[in-house]
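Visitor: The structure that follows is given in the form of structure tokens.
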Amino acid sequence: MKPLRFVGSSLDGLKDFPMEVRSTVGFELYAVQCGLLPSDFKPMLAIGSGAYEIRMHVLGEWRII
Numbered sequence: 001m002k003p004l005r006f007v008g009s010s011l012d013g014l015k016d017f018p019m020e021v022r023s024t025v026g027f028e029l030y031a032v033q034c035g036l037l038p039s040d041f042k043p044m045l046a047i048g049s050g051a052y053e054i055r056m057h058v059l060g061e062w063r064i065i
């Protein structure tokens, strides 16, 4: 399983998301850790190989990188 790395206050920011959104984020991050692609994403080549903007369409629009 690939490791996740939270930078700066990103984990605290994630904790402020609504519970339903956090559940979706957790599912998407787990998929990435297992080597799968997220259901809706954009590669962030400026950041580096393997960095994605992951989009969630739950209770509005949410994004994580």
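Counting from 1, one number per residue, gives the positions in the sequence shown under UniProt numbering.
Think of the CB as a built atom: it goes at the ideal place given N, C-alpha and C, for glycine as much as any other residue.
All values reported here derive from a predicted model rather than from experimental measurement.
Quick check: what's the CA-CA separation for P3 versus Q33?
Guide: Residue mapping note: residue 3 aligns to position 3 of the sequence shown, counting from 1. Residue mapping note: residue 33 aligns to position 33 of the sequence shown, counting from 1. Answer to the nearest angstrom: the Cα atoms are 7 angstroms apart.
Visitor: Quick check: what's the CA-CA separation for F57 versus G26?
Guide: Residue numbering aside, residue 57 sits at position 57 when the sequence shown is read from its first letter. Residue numbering aside, residue 26 sits at position 26 when the sequence shown is read from its first letter. Before going further, note that residue 57 is His rather than Phe in the sequence given. C-alpha separation (whole angstroms): 14 angstroms.
Visitor: Name the one or two DSSP bridge partners that Y52 has.
Guide: Locating residue 52 in the sequence shown gives position 52, counting from the first residue. DSSP lists P43 as partners of Y52.
Visitor: How big is the Cα-Cα spacing for L36 and G8?
Guide: Sequence index remark: in the sequence shown, residue 36 carries index 36 (1-based). Sequence index remark: in the sequence shown, residue 8 carries index 8 (1-based). So the two alpha carbons sit approximately 25 angstroms from each other.
Visitor: If you follow the alpha helix (DSSP H) that R22 is in, where does it begin and where does it stop?
Guide: One-based indexing of the sequence shown puts residue 22 at position 22. Note, R22: alpha helix (DSSP H), M19 to Q33.
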